[in-house]
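Numbering (this note's numbering), first residue to last: 225 to 1060. For every residue, glycine included, the Cβ atom is placed at its ideal position computed from N, Cα and C. Written out below as C-alpha cells is the structure these notes cover.
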C-alpha cells in the first residue's frame, strides 16, 4: 500500500476526513499483522525501538496530512507552526510495547493566524478514528510547570519526553520548562516515587505468575532507577552512570535481565492480542516457543532470575544515589548513637551499612545477625549491598557451618533468609539449594518458586496460628526446634531432579546435618520427615482418614509419636508457605482429625479395629449429660445407626445434635453457614435430587460431601465448599436446595470426560464399604455428573472427599457394598467413562 500516494489522491479529490482515517486504519492494521514476523527477526529492545520508530513515522505523516489538509498548497514550514508533538512514558523511552497506550503530549503556543487548537483537534480525531490507542495531554508551554507539580504522574511522564515532530522552537521552550520541573523540589519528588514503588511492590510480589511490568523486579523497577538518576544527575539514560554509581559489569548484568523482560512482555502482547503483562501459566508454552527456549521450565526460571537481578540492582543503586541527596544532620547524630560497629548501624529494627564500607567477610556479617536481639528485622539497601558483594569461598569452613547453626537456633530467621535471597547468596551458604534457585512450580498449587516457598514456610513456622500446633512446637527442645527449622527449609531442596524429590531431599538434608554434627536420633528424624513431608497432607486430603487400614499404614511410614508431632508441624508450615488461601479451615480440620486419629493408633499397643473404635466413641456419647437427657427411644436410635464412619467423623456432641435435628425433620430441613466457606446441611425423609443440586451449584468448588443414613428413613447430607458466596447469592442457594426436592426437575449436566484408567475401585477397603477414586482433569460439573451416574446405578454413597488443583482433581467416594456392586465393577467403569 502506497500510503502517501493514497493520501494525496484523497486530498486532491477533496475527499472526507473519514476517507483519510480509513486509509491510516488499514495501513496500521497491515503493520500490526506484520509484527509477529518482525518479532522473529528483532526481539528485546531492538523490537521495541523499531516499533516506536514506526509509530513515530505514522504520527509524523498524520501531522503532515492535517497540515496539508488545512493549508493546501500554501503549507508553511513546520518549524513556523508553534506546535511540538512529544512522546511520553514508554513511548518516550522508545520501549513501547505492542498493545500499550501511545502517550502523547502536544505543546503549543497560541499565535493568531495559525489556528493551533484546530490543528491539534484535527490530529487527535484522525489518530483516534484510525484506531490508535492514545493517551494524550495538551498544554501551552507556560502551563507545563504548574501541570507537572499538581500531579506526580504528569511530572514522571514528562521526565521521559522525546521530541517526535513539529516546531523545534516550541520544543526548545518545552525543554526549558522540563529542566525547571526537574530541578524543582527534587527531594520531595524522589521520596514520593520511592514510596509509590514500595506500595506497588507489595501489591505485585514475586510469584509463579509474575507481572512483568509492575511486579517486584519488573520493568517498573528499572524505570524507577532512571527517574531517580534523571532527577539527581540529569542523565539521559542509566548507562551514563556506569563507573560512577555502579560498575560496567553490574550494569551489563542488569541490562541482560532487562532485555529478557522486554522480550517476554512483547511476546505476551502478541500472543494475547491485548495489553497482558502477566506471565500466566497458560501463556508459558507459546512464550517459550516464540523466544526460542527448548523447555518451559528454563524460560520461567530465567524470568524469575531476571526479576531477582533487576530487584537487587534497583534496591542497591537507587538507595546509593538517594542517600547523600536526602541526608540530614539529625540523622547523622541518630546513626552515631546506634552504631554496632564501624559502618554498620541498627535503628528502629532496621540494619544499615555505609556504602563507603568495603564488603565485610561473610563470617563477620553472620556474627552481626547472631549477636543482635532475637526478632524480625528489615534491611536497608546498604546492608543488602554488604551481603551481595561479600566473598564466600568453597568448600565452606566449619566456622561458617557453626555460625549458620547458631543463626538457626534463633527464633526469628525468616527475615535473614529473605535477606540472603535478595543478596543472591542462598546457594553459596546452602550449596544444596543450587538446583532449586528460581525453580518454577507448574502444579497450579504453589504460588511461589521453590526457593521463596522454602522461606515462606520458615515464616509460617515462626508465626504458627493453630493453638495445638503452636503448643506442640513450644514443647520441643532447642535441638528439636533447630531440627524443625532445618527440615522446613530443606524439605523441597530435592526438586529439580528426575528422581523423587522427597528421596533426594532426604539425602541433602542429611549432608547438611552432618556438617552441623547433630546426633544420630535427630539425623534419623530429619531423614524421615523430609522423605514423608507430603504424606500427611496426601492422606488427609485424599484418603479415608477414619479407616483403620489407612491409619496403620500412615503410622508405619511416620514411625513414632514424636515424628507424628514433628510431621504435623512440618505439614502446617509447608501448606501455609504455599500462599493464597491454600491453608483454610477445611484443610486444618482434616489435618487435625488425621493427627488425632493417628495419635490414638500410635499410643495404643493393641490394634484398634473399627468395631473397637466404635465402642470407644459410643461410650463417650453415652457419658454425655446431653445424651442422658434424650428420650430412651432416640438414644437407642442413635446407637443403632449402622455407619461406623458416622461415629468416626463426628464428635460425640455433634452426633447428638445431628440426631436431635433429624428427629424433628418432617419432609426435609436444611441449614446454610456462610462464613469463611459455604456449608450446607440437609435432613430429608423424602427423595433429594442431589445431582440437580450439585449441577446447579457447579460454579462453586466442592471441598467434601457426607451422606449418612440415620434412622426412620432419614438421610443426613453435609456439603462443604471451598469458597463462600456473596450478597444475595446465599438466598439463591437456599432456593436451589428447596427446588432440589422436586424430583421432576431435569439435571442439566455439563460435558465431562473421564477415562477408564482414571477410575479405581477398591472392593477390599473394608467389610462394609468399597472405595472408588477418580483421578482426572479438573472439570466444572464433574461431581454432579458422577453423583447422577451413581443414582442411575443405585449406588449408595456414604462420603465423598474432593481434592482438586487448578488442573487436576482426585475425588474419593466411599460406597456401601449393596446391589452386588463389587460383582459389577466393569459396568461401573463403563458407565462412568461413557465407553462403548
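Presumed contact (8 Å Cβ cut-off) between residue i and residue j, rounded CB distance
| i | j | result |
| --- | --- | --- |
| residue 867 | residue 1019 | Rounded, the Cβ-Cβ distance is 15 Å, inconsistent with contact. |
| residue 759 | residue 780 | With 8 Å as the limit, residue 759 and residue 780 do not qualify as a contact, their Cβ atoms being about 11 Å apart. |
| residue 724 | residue 674 | Contact doesn't hold; Cβ gap of about 15 Å is too wide. |
| residue 682 | residue 792 | Going by Cβ atoms, the distance from residue 682 to residue 792 rounds to 17 Å, so no, they are not a contact pair. |
| residue 612 | residue 540 | 7 Å |
Exposure of residue i, with buried meaning 16 or more beta-carbon neighbours within 10 Å
| i | result |
| --- | --- |
| residue 417 | buried |
| residue 913 | buried |
| residue 855 | exposed |
| residue 568 | buried |
| residue 233 | exposed |
| residue 1025 | buried |
| residue 968 | exposed |
| residue 342 | exposed |
| residue 785 | exposed |
| residue 721 | exposed |
Nearest neighbour of residue i, chosen from the options [CA to CA]
| i | options | result |
| --- | --- | --- |
| residue 1000 | 1011, 984, 528 and 993 | 984 |
| residue 431 | 318, 686 and 531 | 531 |
| residue 491 | 514, 303 and 477 | 514 |
| residue 482 | 536, 384, 453 and 516 | 536 |
| residue 993 | 229, 347, 771 and 440 | 771 |
| residue 846 | 859, 1055 and 233 | 859 |
| residue 525 | 583, 658, 332 and 449 | 658 |
| residue 904 | 701, 955, 232 and 447 | 955 |
| residue 239 | 921, 293, 660 and 226 | 293 |
| residue 884 | 861, 869 and 342 | 861 |
| residue 737 | 716, 575, 463 and 710 | 710 |
| residue 918 | 892, 972, 879 and 998 | 972 |
| residue 941 | 924, 982, 896 and 949 | 896 |
| residue 1102 | 837, 593 and 1054 | There is no way to answer for residue 1102, as the model of the chain reaches only from 225 to 1060. |
| residue 767 | 371, 751, 731 and 995 | 995 |
| residue 850 | 1054, 878, 462 and 235 | 878 |
| residue 911 | 966, 960 and 921 | 966 |
| residue 935 | 925, 960, 893 and 863 | 863 |
| residue 890 | 939, 920, 604 and 379 | 939 |
| residue 314 | 229, 398, 448 and 251 | 448 |
Spatial distance of residue i from residue j (CA atoms)
| i | j | result |
| --- | --- | --- |
| residue 196 | residue 600 | There is no way to answer for residue 196, as the model of the chain reaches only from 225 to 1060. |
| residue 368 | residue 242 | 33 Å |
| residue 288 | residue 451 | 33 Å |
| residue 527 | residue 429 | 14 Å |
| residue 390 | residue 344 | 11 Å |
| residue 977 | residue 1007 | 12 Å |
| residue 620 | residue 316 | 49 Å |
| residue 1028 | residue 797 | 20 Å |
| residue 1140 | residue 909 | The displayed coordinates of the chain run from 225 to 1060. Any statement about residue 1140 would go beyond what the structure contains. |
| residue 803 | residue 435 | 17 Å |
| residue 578 | residue 548 | 11 Å |
| residue 853 | residue 870 | 21 Å |
| residue 318 | residue 282 | 15 Å |
| residue 713 | residue 1048 | 48 Å |
| residue 677 | residue 801 | 6 Å |
| residue 270 | residue 456 | 28 Å |
| residue 255 | residue 323 | 13 Å |
| residue 460 | residue 383 | 10 Å |
| residue 628 | residue 614 | 16 Å |
| residue 626 | residue 564 | 22 Å |
| residue 340 | residue 331 | 10 Å |
| residue 616 | residue 587 | 9 Å |
| residue 277 | residue 488 | 20 Å |
| residue 998 | residue 533 | 44 Å |
Cross-strand partners of residue i (DSSP beta bridge)
| i | result |
| --- | --- |
| residue 364 | 332 |
| residue 919 | Residue 919 pairs with nothing; no bridge assigned. |
| residue 999 | 1034 |
| residue 990 | The partner list for residue 990 (beta bridge, DSSP) is empty, contrary to what the question assumes. |
| residue 286 | DSSP lists no partner for residue 286. |
| residue 902 | 898 |
| residue 565 | 568 |
| residue 386 | 311 |
| residue 327 | 359 |
Neighbour flag for residue i against chain C, beta carbons, 7 Å
| i | result |
| --- | --- |
| residue 735 | You won't find chain C in this structure, because it holds only one protein chain. |
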